[in-house]
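Structure first, commentary second.
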Amino acid sequence: MNSHRFGYYAIRFYVILFLAFMLLPLIVMGGAAFNDTRFPSIYPWFGFTTHWFQELWADNRMWGAARNTVFVAIAVVALSVPIGTAGAILLNSLQARSRSIIYGIMVAPILTPGAVIGISTLLFWYKFNVPAGLHLSVLGQVSYIAAYVMLLVLARLQSFDAGLEEAALDLGASHAQVMRRILLPHLYPAIFAGALIGFFQSAENFNVTLFTRGNSDTLTVYVGSKIRSGITPTINALAFLLIAATVIGVIIYEFRRRRADAMAKLAED
Amino acid sequence: MSELIRRYGSSLTWIIIAFTAFWLLVLVLIPNFVLFEFSFKPYLPVDQLGGPKDFYSLNNYWTFFNSPIHIRIFFQTVLYSSAVTLLCLILSYPLAYFLAKIVDAKTAPSIFLLLIIPLWVSEILRSFAWFIILAFNGPLNAMLQGIGLEPVRWISGFNAVIIGLIYSYLLFMLLPIYNAISSLDTNQIEASEDLGASLWRTHWRVVIPHSKPGIASGCVMVFMLCAGSVIVPSTLASPSSRWFTEIIQQWMFEGLDWNTGAAYAFLLLTLCIIFVSLVMRLLNVRLVDIAK
Amino acid sequence: MSEDVTLSNISMDFGKFRAVDKVDITIKAGEFFSFLGPSGCGKTTILRLISGFMDPTQGKVLIGGKDMTGTRPNERPTALIFQNLALFPLMPIWENIAFGLEVRGVDKATRRAKAEELLKLVDLHESADKKVSQLSGGQKQRVAIARALAVEPKVMLLDEPLSALDLKLRQHMRAELRAIQKRTGVTFIYITHDQGEALAMSDRVGVMSQGVLQQVATPNEIYNQPSNGFVASFVGENNIFDGKIKSIKAGEATYDTSVGSFAAKIGPGVTKDTPVRLYVRPEHCTLTKAAAKSGNSIPVEVTESAFEGNFINVFLKDNAGQTHMAQVQNDPTAPPPQRGAKVQMNFDADHGVLLAHAKTRS
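Chains as they are written, first to last, in our numbering: chain A, 774 to 1042; chain B, 779 to 1070; chain C, 42 to 403.
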C-alpha cells in the first residue's frame, strides 16, 4: 500500500519536473525579451523595456527572411502533398517484396541527417549548373517532408474500402471521378494534416536550408547567423512572439476540445 | 501497377508514377549517388575539371583517416549521440507510460499540448534558450548561488551540448514510445499483475516487448538528429567540444572543398545507416515498424 | 484448495455515479457462483473489486476470512480470466501459461513441465510452442484457463470469457468450464449477461440490476421463484399484466387489471399496498377454444406464430391491446390456432405470481 502510494506521488512529481524542464527555458527566453540589457538574460534584471521589439520591427533583414520562410514553406507544401499522396497510393498497390523496397527508399530521407540531404541536393543540381538558392532548399526539404505526407496518407489508406471505388465505377463514374469523388475525400484529413505538418517542418528547417540556400535567408538561418555574430535580445523578442502565438493557438485548441467534450457529453445525456 | 490501372485508369496511373519517380529518383536516390560520386573526386579549380588530375580516388577518405583530430571528433559525436539517445529513452519511458496508461483520458491531451509547445518554437530557439540559461552569469548559476552553491561553468566540455540535445530531441523519443504503449491492451498489463508479476517484471516482459517498435523508432530518430545536429553544437559547444557536422561545414563553407565535404557527409550517412541496422537487429524490428 | 469470498456490504462510486450499491454476500469455498445482469449493472466492477484492481468506496472484500483492503492484485489468491482473454501475443503458449510461475521464480524445466501438464488438462496437447495467433477461439479460451490455473489460485474470476465464441462452441465450453471447476475444486466467480450460461453452470446465481443485488439463489429458484419483477423478466420470458391487488387471502391474491380479474400467488414481501405486476411464463399458458372452467382465462386474438422446432411460440393480443405469448408443444396432430383466430388464454393461479419492482439504489 505504502509503496504503491509512493509510486503514485513519485510519478506525478516526475511529470511536473518534466513539464518544468520543457517549459521553463521558454519562459526564460521569452522573459529576456523585456530586459533592458544588451546581452539577453533575465538575470540580473535591468528594468522593463519594449525596445527590442521595436528593433525587431525595424529589422529589414528579418522581414525578408520571414517572407522567404513563408514562400519556401508554401512551395514545399505544394510539392510534398501531391508527391506524398501519389507515393502512398502507389505503395498501397504494390505487393510484398517490391513494396518493402520502395517503402525503404521512401522513408530513408526521414532517417537521413539534414546536412546530408542538403549537401547531396546542392551537389546534384550543381552538376546541372543550377546555382544554390532557396529553390534548392525547397527541393531538399520536399525529399523528406513528402515522406511524412506519404506515411500519413498511407495510414489513412488502410481504412479505405476499395469496394467503394468499384461501386462508383459500376455506377458509371470515370476513373478521374472515382479519384476526385471517392478516394481523395477519404484521404483529405490525412492530406490536410500532412500539409500542416509540412508547413511547420519547412518553417523550422535549418540543416537542409543551411547548405542549399546560397545567399538567401530564412528565419532560422537569420536567427542562426545572429547567434553567431552577436546576439541582441531582438532574437528573444522574436522568440517571445512565436511562443505567444503557439500558446494562444494551444489555448484556443484546448478550449475548443473541452467544449467539444462537453457537447458530446450533453448529447449523451 | 496493373491494379492501379484497373482502379484509376492509365492516365492517372502515369501521373502517380511520375510524381513518385520524380521524388524517389530526382530528390532522393540520384542526389545521394552524386554525393557518393563526388566524394571520390578531387577538389579542382574549374579549368582543371576533366583534366588529367580529375580521376576517382579514395583521397578524400584518406584525409579523414589521416587526421586523428577528425577521427576523435567523429567518435566523440558517436559517443555523445548514443549517450543522449540512452538518456532520452530513460527520461521518456516513464512519462510515456504514465500518459498512455495511468493518467485519465481527459488530462493526457492537456499535458501533451503543454509538452509540444517547445516543438512549435524552432529548434534553433530551443538551443538558444539554453544558451541564456547556462551562461556563466546566467539565471541557473544565479539560482545555484542563491542556495549557497558554487557557480558552474556549464558551457564547457560537452555538458551544455548534451543538455541542449536532450531538450531539443526528447519529444522525438517520447511520442513514438507513447504511441506504442497506447496500442497495448490494458488488460495485458492487468493480466500480468493478476498473475503475480511485480511492476518491474510487467514492464520487462509485457510492456517493453510490446513497445519495442516505438523504442526503436525513437532511438533511431534521436540518434540521427543528434549526430546530424548543426544548431545545438554551434550554439552550445565550447572550443573543447566539437561536433562532426562542424567539420563538414568547415569543408563546405570555409574550405569550399565540396568533394571532401561530400566524403565527410557520406561518412555521417553511413554512421546513421549502421545505427539503424544495429537497432533493427538488436530489437528485432523491421523498418516498417520503425517509420510510423 | 479453495477459499470463500465475502463481500461485506460493499459500494463503489465513480464520481457521482454509484456502480455497486451495498452488495453483501458470501460465496462459499468451491462454489461455482455467477453474477448475472445486463451490461452496466455493476457486475464487472464487482469482479475488479475482488481481483484488487480497485478498492471499494465502502465495505470490505474478504477472501478466506482475510481482509483484502490494500492488497494488490498480484498479492491476492485470485486469478482473473479477462473478457478478451489478454493472452500475451509475443510469448509462445507455454510461456503464457507458465508466466505466473516465472514471476514466482520457478525454474524453467519445472515451468515447462507444469505448462505441459496444464495443456493436457485443457485438452491442448502439442500446442506448447505455438503462437497465440495460431490458435482458434476455443483454444485461446482454454489457454487462458490454463494460465489462470497455473498459479493455483484459490478463487478464479471469469469476466464473460465465452462471449466472443460462436453458439456451438459456447455451449461446449460451458460443460467444459463446469467440468474443470469440479475437477480442480477452485471457487469460480463468473460474470455474464447470458442467463443460459449462468443457469447451466452455476451452483448459485446472483442477479444484479443498477448496482443492486436483486436475488441470490440456485438456478432453479431463480427461474421458478423469482424474488421480484426484474429477476422474473430478465431470466426467461414472461407475460406481464399491470393492475392492482384487490384482496389477499391465504397467500393467494385477487388482482384487478383492465382485461379482467386474476387469482395469483403473491411474491416475497408483497402486501396489499405494494405496487406489483402479474408475471406468467409462456410455457404455463394454454390456449383453448372455450374458457377453462377453473383458473384464469382471458379472450385473446392470435397475431403471429413462430415455429421453433420442438415448440411453437404463439403471439397473442388481449382486449386492451397488450401483447402476450404462449408456448405450445409442437404436435403435428394438433396444430396451434392460426393467425386471426379468437381463443382463450388460460393459466393456473399457481403459475401467476405478483412481484414487486426491482430493488433500486438507496
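For glycine and all other residues, C-beta sits at the position ideal for the given N, C-alpha and C.
Q. So which residues on chain B does residue 80 of chain C lean against when the C-beta distance must stay under 8 Å?
A. In chain order: nothing, as chain B lies at least about 17 Å away.
**Q.** Within 8 Å, strictly: CB atoms of residue 281 of chain C and residue 317 of chain C
**A.** no
Q: Would you verify that the beta carbon of residue 227 of chain C is, or is not, closer than 8 Å to some beta carbon of chain B?
A: no
Q: Compute the beta-carbon to beta-carbon distance between residue 814 of chain A and residue 910 of chain B, rounded to the nearest angstrom, for a pair I have assumed lies under 8 Å.
A: 6 Å
Q | Backbone CA spacing between residue 867 of chain B and residue 1057 of chain B [nearest angstrom] | A | 13 Å
Q.
Could you tell me the alpha carbon to alpha carbon distance between residue 828 of chain A and residue 1007 of chain B, rounded to whole angstroms?
A. 30 Å
Q. If you follow the beta strand (DSSP E) that residue 297 of chain C is part of, which residue opens it and which one closes it?
A. 293–298
Q: Give a yes or no on whether the minimum CB-CB distance between residue 1050 of chain B and chain A is below 8 Å.
A: yes
Q. If you count every other CB in all the chains shown that lies within 10 Å of the CB of residue 980 of chain B, and 16 or more means buried, which is it?
A. buried
(Q) Beta-carbon within less than 8 Å of residue 59 of chain C's beta-carbon, same chain only, minus the 5 sequence neighbours each way: which residues are those? (A) 52, 53, 252, 402
Q: Determine the burial state of residue 1071 of chain B: buried for a count of at least 16 other Cβ atoms within 10 Å of its Cβ, exposed for fewer.
A: In this structure chain B extends from 779 to 1070, so residue 1071 of chain B is not present and cannot be described.
Q. At a Cβ cut of 7 Å, what residues of the segment 238–249 of chain C count as close to chain B, listed as they run along the chain?
A. none
Q: Return the first residue and the last residue of the beta strand (DSSP E) that residue 122 of chain C is part of.
A: 119–122
Q) Using 8 Å as the Cβ pair cut-off and three pairs as the minimum, do the segment 803–821 of chain B and the segment 997–1014 of chain B touch? A) no
Q: Select from C/187, C/373, C/386 the residue whose C-alpha is nearest the C-alpha of residue 325 of chain C.
A: C/386
Q: Name the two residues that bound the continuous alpha helix (DSSP H) containing residue 970 of chain B.
A: 964–972
**Q.** Nearest residue (CA-CA) to residue 975 of chain B, options C/116, C/93, C/98, C/94
**A.** C/116
Q) How would you label residue 1009 of chain A, buried or exposed, when you count the other beta carbons within 10 angstroms and need 16 or more for buried? A) buried
Q) Does the segment 906–917 of chain A come close enough to the segment 939–952 of chain A that 3 or more CB-CB pairs lie under 8 Å? A) no
Q: Pair every Cβ in the segment 135–144 of chain C with every Cβ in the segment 188–207 of chain C, then say whether three or more of these pairs are closer than 8 Å.
A: yes
Q.
Strictly under 8 Å for the Cβ-Cβ distance: is residue 1062 of chain B near chain C by that measure?
A. no
Q. So, is residue 802 of chain A buried or exposed, given that buried needs 16 or more other C-beta atoms within 10 angstroms?
A. buried
Q: Report yes or no: do three or more beta-carbon pairs, one from the segment 1014–1021 of chain B and one from the segment 929–944 of chain B, lie closer than 8 Å?
A: yes
**Q.** chain B residues whose Cβ lies nearer than 9 Å to that of residue 190 of chain C
**A.** Going along chain B, no residue has its Cβ under 9 Å from residue 190 of chain C, so there is no contact; the nearest lies around 11 Å.
Q. Do we get a CB-CB distance below 8 Å when we pair residue 43 of chain C with the residues of chain B?
A. no
Q: Between the Cα of residue 895 of chain B and those of B/946, B/989, B/803, spot the shortest distance and give me the residue it belongs to.
A: B/946
(Q) Along the segment 133–151 of chain C, where does the CB come closer than 7 Å to a CB of chain B? Name the residues. (A) 140, 141, 144, 145
Q.
Taking beta-carbon pairs under 9 Å, can you tell me which members of the segment 1004–1030 of chain B lie near chain A?
A. 1005, 1006, 1007, 1008, 1009, 1012, 1013, 1023, 1026, 1027, 1030
Q | Entirely enclosed alpha helix (DSSP H) segments - the segment 814–867 of chain B, minimum 4 residues | A | 837–843
Q. Using the rule of at least 16 other Cβ atoms within 10 Å of the residue's Cβ for burial, across every protein chain shown, is residue 936 of chain A buried or exposed?
A. exposed
Q. In chain B, which residues lie less than 7 Å from residue 1008 of chain A when you measure between Cβ atoms?
A. 906
Q: Below 8 Å CB to CB, which residues in the same chain sit around residue 831 of chain B once its five sequence neighbours on both sides are set aside?
A: 820, 822
Q) Around the C-beta of residue 224 of chain C, are 16 or more other C-beta atoms found within 10 angstroms, so that it is buried, or is it exposed? A) exposed
**Q.** Per DSSP, the bridge partner or partners of residue 340 of chain C
**A.** C/385
**Q.** Contiguous beta strand (DSSP E) assignments of at least 3 residues, all confined to the segment 836–878 of chain A
**A.** none
Q) If you draw a straight line from the C-alpha of residue 774 of chain A to the C-alpha of residue 956 of chain B, how long is it? A) Confidence is the limiting factor: at residue 774 of chain A the pLDDT is only 41, short of 50, which leaves the residue's position unreliable, though a coordinate-based value still follows. Taking the straight line from one Cα to the other gives about 27 Å.
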